[in-house]
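Numbering (the numbering used here), first residue to last: 20 to 148. Single-structure report; data block below.
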Amino acid sequence: MVRHPTYKHLEARLRLGAFSLGQWAQITAAGTSAALFGGYLSPFPAQVTIFVSILGAGLPVAISYGAMGLEFSVSSVTTAGWRYWRKPHRYLAGPGSTASGYVLLADPTHDRDVGPDLATPEGAVLWDV
């Protein structure tokens, strides 16, 4: 069976260059925030402002781009962290509920009076562990 590689690309996410549309949105937001911080909000001298603007705007994009090939989602981790932070951390006083663990019961179908020669066919004993 011959498989044409074009059909694999039809199911892939839309990309412009090396980045997906979400990454382009991140780059645009980072550039805008760096320009606004550097032009209007920074209380630092010019060299420090340029350094902080580039580092602050580029770090989230670099982390996202670096994690792109991994089985890891920056947005999922951020969302999970936000949910954990917002969840109330109140616990009741006391040791809590007791754990029951596993309960082992005797096998009612196993006959203990049968000798080794009448028990099972050869090899079946290996599966009765």
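The beta carbon of each residue, even a glycine, is placed where N, CA and C say it ideally should be.
**Item:** Coil, strand or helix - Leu89 by DSSP
**Value:** Three-state result, Leu89: coil.
**Asked** In the structure shown, what three-state DSSP assignment does Ser39 receive?
**Response** Residue state for Ser39 is assigned as strand, using DSSP reduced to three classes.
**Item:** Test item: CB-CB of Ala76 and Ala37 under 7 Å
**Value:** No.
**Message:** In whole angstroms, give me the CA-to-CA distance for Ala44 and Arg105.
**Reply:** Their Cα atoms are separated by approximately 27 Å.
**Message:** Which of the three DSSP states is assigned to Arg109 in this structure?
**Reply:** If DSSP states are grouped into helix, strand and coil, Arg109 belongs with coil.
**Asked** Can the beta-carbon of Ser72 be found less than 7 Å from the beta-carbon of Phe91?
**Response** No, Cβ-Cβ distance for Ser72 and Phe91 is not below 7 Å.
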